[in-house]
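Taking it in order: structure first as structure tokens, then the write-up.
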Amino acid sequence: MLNMHVMNDLRRVDLNLLVVLDALLSEQHVTRAAERLHLSQPAVSHALARLRDLLADPLLVRLGGGLVPTARALELASPLAEALAQVQSLLAPAPFDPASTKRTFRLAMSDYGAALLLPGLVRRLREQAPGIGLSISHASREGMVEGVINGELDLAAGVFPDLPAELRSSPLFDEHYVCLLDRDSLPEDGVLDLPTYLARPHVLLEMRGSGTPEIERALTAIRERRHVAISLPHWGVAPQLIQGTDLILTVSSRGLLGTDPQHLRILPPPFHIPTFKFELAWHTRRGADSALQWLIEQMQDVQGQCAH
Numbered sequence: 041m042l043n044m045h046v047m048n049d050l051r052r053v054d055l056n057l058l059v060v061l062d063a064l065l066s067e068q069h070v071t072r073a074a075e076r077l078h079l080s081q082p083a084v085s086h087a088l089a090r091l092r093d094l095l096a097d098p099l100l101v102r103l104g105g106g107l108v109p110t111a112r113a114l115e116l117a118s119p120l121a122e123a124l125a126q127v128q129s130l131l132a133p134a135p136f137d138p139a140s141t142k143r144t145f146r147l148a149m150s151d152y153g154a155a156l157l158l159p160g161l162v163r164r165l166r167e168q169a170p171g172i173g174l175s176i177s178h179a180s181r182e183g184m185v186e187g188v189i190n191g192e193l194d195l196a197a198g199v200f201p202d203l204p205a206e207l208r209s210s211p212l213f214d215e216h217y218v219c220l221l222d223r224d225s226l227p228e229d230g231v232l233d234l235p236t237y238l239a240r241p242h243v244l245l246e247m248r249g250s251g252t253p254e255i256e257r258a259l260t261a262i263r264e265r266r267h268v269a270i271s272l273p274h275w276g277v278a279p280q281l282i283q284g285t286d287l288i289l290t291v292s293s294r295g296l297l298g299t300d301p302q303h304l305r306i307l308p309p310p311f312h313i314p315t316f317k318f319e320l321a322w323h324t325r326r327g328a329d330s331a332l333q334w335l336i337e338q339m340q341d342v343q344g345q346c347a348h
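Sequential numbering from 41 applies to the sequence shown in my numbering.
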């Protein structure tokens, strides 16, 4: 049972303040939080003042043009988002109707994932759920996981070999690596062997230092290293760097769909690189979010149709 001290604390809490706090922690900006909640900026500022008094902590402190959460605020972020999600599921158990819902989902994915998932998904949403919008961001694997944990993201699409226990995932497809070379730079026999692979310069795709650890681990397993000449975070431009050069690009096979076969050649790597799963990841606290689960199902269905 709740003791008297906790009961007295709960009597002081206006649940609307918790909604404001959740928005402020997510947006880290009073004006954006006000727009998200459809409130005036003074109303949100007043609510923040009440929260600071209630919790005896500044919660958010000004830095540059925004607000930075205090240590106490960061402790509150995850349990607060989970509690609000549970309250929402209790108070609004009505069936989800995609045709009438108005909502924006925050998704994170690389341009590789966006190229594979977004065209079909956006067409599906425009047909079945025109009130649903998508806000897409780009981050490293670590950044995606952190964003889902702290509530900044609703969903992340990527490769997540070691997800924290509080996250759930669903695979979209299995993927493997291939090598892209300029046709004129191919060996005479047209075969890419390991000595040639190691002697050539390489293009490395990485986001904030996360790189493609699967490739490096596979090379380490055979006690070899490659020479990286160019490192960049953009999937889309990488194949264009190969034509007319001696560079090699080792990437996920689906990232090379539509490659020009007249000037470029796709070959298997000359060493074993394990296959991997491309997944969707979300927080366990969102398990009762029927709208999010519907979106996940649409992404799975769209990707399944593309695979056939």
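Where a beta carbon is used, it is the ideal one built from N, C-alpha and C, also for glycine.
Note to self: Going by C-alpha to C-alpha distance, which of Leu165, Leu95, Gln302 and Ala278 sits closest to Glu337?
What the structure shows: Taking the sequence shown and counting its residues from 1, one reaches residue 337 at position 297. By alpha-carbon distance to Glu337, the top candidate from Leu165, Leu95, Gln302 and Ala278 is Leu165.
Notebook entry, point to check: Since Pro109 sits in a beta bridge, which residues does DSSP pair it with?
Noted result: Stepping through the sequence shown from its first residue, residue 109 is reached at position 69. Partner(s): Leu100.
Next item on the list: Would you tell me roughly how many angstroms separate the C-alpha atoms of Pro241 and Leu281, rounded to the nearest one?
Entry: As a position in the sequence shown, residue 241 is number 201, starting the count at 1. As a position in the sequence shown, residue 281 is number 241, starting the count at 1. Computed Cα separation, rounded: 12 Å.
Item checked: Ser66: first and last residue of the uninterrupted alpha helix (DSSP H) it sits in -> Sequence index remark: in the sequence shown, residue 66 carries index 26 (1-based). In the DSSP annotation of this structure, the continuous segment of the alpha helix (DSSP H) that includes Ser66 starts and ends at Leu55 to Glu67.
Next item on the list: Would you identify the three-state DSSP class for Trp322, choosing helix, strand or coil?
Entry: By 1-based counting over the sequence shown, the position of residue 322 is 282. If DSSP states are grouped into helix, strand and coil, Trp322 belongs with the strands.
Item checked: Rounded straight-line distance, which links the Cα of Ile262 to that of Gly171 -> Reading the sequence shown from its first residue, position 131 is the one you call residue 171. Reading the sequence shown from its first residue, position 222 is the one you call residue 262. The C-alpha of Ile262 is placed about 52 Å away from the C-alpha of Gly171.
Checklist line | CA-to-CA distance, Ala148 to Pro309, given in whole angstroms | finding: Mapped onto the sequence shown, residue 309 falls at position 269. Mapped onto the sequence shown, residue 148 falls at position 108. Their Cα atoms are separated by approximately 29 Å.
Notebook entry, point to check: Candidates Pro138, Phe145 and Leu289: which alpha carbon is nearest Trp322's?
Noted result: Counting from one through the sequence shown, the residue named residue 322 turns up at place 282. For the set Pro138, Phe145 and Leu289, the Cα lying nearest the Cα of Trp322 is the one of Phe145.
Notebook entry, point to check: Looking only at DSSP bridge pairs, what is Val268 linked to?
Noted result: Taking the sequence shown and counting its residues from 1, the one referred to as residue 268 is at position 228. Answer is His242.
Check: DSSP state of Ala205, grouped into three classes?
Finding: Locating residue 205 in the sequence shown gives position 165, where the first residue counts as 1. Three-state result, Ala205: coil.
Notebook entry, point to check: If we call anything under 7 Å between Cβ atoms a contact, is Asp93 one with Gly276?
Noted result: Counting from one through the sequence shown, the residue named residue 93 turns up at place 53. Counting from one through the sequence shown, the residue named residue 276 turns up at place 236. Result no, Cβ atoms of Asp93 and Gly276 do not sit closer than 7 Å.
Margin query: Taking CB distances under 7 Å as the criterion, tell me whether Val185 reaches chain C.
Written below: Annotation note: the requested chain C is absent from the structure, which comprises a single protein chain.
Item checked: Best match in Arg102, Arg266 and Pro253 for proximity to Pro235 [C-alpha to C-alpha] -> Numbered from 1 along the sequence shown, position 195 holds the residue referred to as residue 235. Taking only the C-alpha atoms, the option nearest Pro235 is Arg266.
Item checked: Three-way DSSP call (helix, strand, coil) for Val174 in this model -> On the sequence shown, position 134 is the one that residue 174 refers to. Position check: residue 174 holds Leu in this sequence, whereas Val was assumed. Residue state, collapsed to three classes: strand.
Item checked: Which of helix, strand or coil DSSP assigns to Ala328 -> Translated into the one-based positions of the sequence shown, residue 328 becomes position 288. Shown here, Ala328 sits in coil according to DSSP, grouped into three states, outside any helix or strand.
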